[in-house]
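Following: one structure in structure tokens, then a few remarks.
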Amino acid sequence: MTKSVPIENGLQVGTLVASAISIALVVVSVGLRLLAKSLSAGFDYSDYCIVGALLANTALHTCCMVLVTHGGFGFHTMDIYVRFGPDTATFFFKGIMTFAILWNVTVCFSKLSVLLMYHSLIPMKSLLRWAQGIGMFVILWNICNIIAGFLICRPLARNWDFAIPGTCGSQPNFYFSMGIVNIITDIFILGLPLPYLYRLKMAMKKRLLAMGLLTIGVGTWVITIYRQTMLPGLDFADMTYSGVLATILSGLEPAVAIALACVPLMRPLFPSHRRRNNTKSSHYNYSSGGDSGLYSSKSKRGAVELASDGDSEVELQPTHQKPVQNVDVNVRASTWNVEGHSDESLGGDQRGQNIKVERRWEVTSAHLK
């Protein structure tokens with residue numbers, strides 16, 4: 042590794058602070074998410090992907106900080122050659138390629154985590170098919186980005202040594218097109234659960250709340266769009282100086298996306314939610330096929346958990362549903378007296394002498410077209 046570079050200007054300080062905040066934000070958010078899941082439904086594949094995104098994000102911002110401390114990030118390229126030598130400049134341009142690879146890995150894991158979260162909350166076959174298609178596209182797109190990053194300059198060494206004869210494509214245009222596809226995939230991912238949530242038989246307020254929680258990731262678009270406006274004018278030959286803000290935003294975008302993806306799953310940490318769970322022996326889930334809508338308190342939780350306020354009269358069958366198979370109806374009933382004893386536990390002389398409350402659950406299961 043090259044010698045360390047002194048911290049002398051605001052661009053260096055800003056990069057270090059932004060990277061440190063991004064690492065801390067993701068660590069805290071993912072930690073709270075995992076704690077909440079351990080208190081409720083347990084872990085699933087979406088949690089494993091978010092942990093992968095956490096590790097990749099940490100590596101991404103560590104790389105960015107090392108570019109400042111050892112690659113001269115924040116100085117003009119010519120100043121780096123004069124003051125710190127060509128090895129420092131070479132270290133930077135190799136590091137910025139590593140940054141691009143880690144960015145793609147981080148984005149890939151974060152998007153896959155969201156898609157898997159949708160399926161765990163809304164286990165519908167049609168949503169699963171869409172999620173699989175989008176997920177496959179995301180994986181292939183990120184792999185292609187990594188390959189293109191290696192092939193944009195021929196030979197490869199021209200990426201960090203401009204004195205070598207060869208050619209390079211337009212790096213600003215490459216990163217701009219990458220950002221456009223990133224926004225398009227976000228639109229499809231964030232819009233995926235909306236039709237299913239809209240068809241839930243629940244109060245409009247709760248429906249909108251659930252939609253808002255699952256589309257909270259739209260907040261990253263502000264960062265993405267602002268970064269996109271900067272890329273066409275980026276001077277890649279002086280990337281060490283002109284690319285500071287664009288790089289900060291590129292690193293901040295997946296960090297915020299990961300944090301926002303954790304927010305909908307933090308509800309079990311709130312005291313009001315825990316009190317309701319302790320007083321209820323069951324909860325409801327949006328399901329299809331052979332899955333029942335009534336689960337034990339430690340089983341998989343459905344989308345209604347995002348917006349439920351404890352009201353027991355929430356029906357989760359989608360409106361305008363058209364069943365394509367026979368619907369099985371199972372009626373369970375239990376009778377309790379006002380003192381909390383079951384009717385069967387009372388003696389024969391006491392039966393019929395108490396005020397009784399009867400609760401019934403009717404569970405239906407049907408496929409949708």
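For the sequence shown, position 288 (counting from the first letter as 1) is numbered 329 according to the working numbering, and the numbering increases by one without interruption.
The beta carbon of each residue, even a glycine, is placed where N, CA and C say it ideally should be.
The model shown is predicted, which means the values in this text are computed figures rather than measured ones.
query, result
"I'd like the list of long-range same chain contacts for T110, defined as Cβ closer than 7 Å, with 5 residues on each side in sequence excluded.", "S45 and V46"
"Jot down the residue ranges of each uninterrupted alpha helix (DSSP H) in the stretch 247-290, minimum 4 residues, whole runs only, in chain order.", "261-271 and 280-283"
"For F311, name the three-state secondary structure that DSSP assigns.", "coil"
"What do you get for A61, buried or exposed, if any count of 16 or more other CB atoms within 10 angstroms of its CB means buried?", "exposed"
"Compute the Euclidean distance between the alpha carbons of F134 and M245, then round it to the nearest angstrom.", "52 Å"
"Within a Cβ cutoff of 8 Å, which residues of the same chain sit near T139, ignoring the five residues on either side of it in sequence?", "C104"
"From V58, V92 and A172, pick the residue whose C-alpha is nearest to that of D227; which is it?", "A172"
"When you compare the CB positions of K78 and P309, do they come within less than 9 Å of one another, or not?", "yes"
"Report the residue from L238, G113 and S218 whose alpha carbon sits nearest the alpha carbon of C185.", "S218"
"Tell me the DSSP secondary structure of F116 in three-state form.", "strand"
"Quick one: give me the first and last residue of the alpha helix (DSSP H) that M243 is part of.", "Element bounds for M243: n/a, residue is neither H nor E."
"So, helix, strand or coil for T147, using DSSP?", "helix"
"Closer than 8 Å is the cut-off here; do at least three beta carbon pairs connect the stretch 206-218 with the stretch 272-280?", "yes"
"Nearest by alpha-carbon distance to I221: which of R248, R240, K247 and W262 is it?", "W262"
"Can the beta-carbon of L95 be found less than 9 Å from the beta-carbon of V58?", "no"
"In whole angstroms, what separates the C-alpha of I121 from that of T56?", "17 Å"
"Grab me the residues of A296's own chain with a C-beta within less than 7 Å of its C-beta, minus the 5 sequence neighbours each way, in chain order.", "S63, L66, V67 and N98"
"Since D85 is in the alpha helix (DSSP H), which residue starts that stretch and which ends it?", "Looking at the DSSP string, D85 is not in any alpha helix (DSSP H), and its letter there is neither H nor E."
"Alpha carbon to alpha carbon, what distance is there between Y239 and M106?", "44 Å"
"With respect to the alpha helix (DSSP H) encompassing I205, which residues constitute its N-terminal and C-terminal limits?", "Where I205 is concerned, there is no enclosing alpha helix (DSSP H), given that its DSSP letter is neither H nor E."
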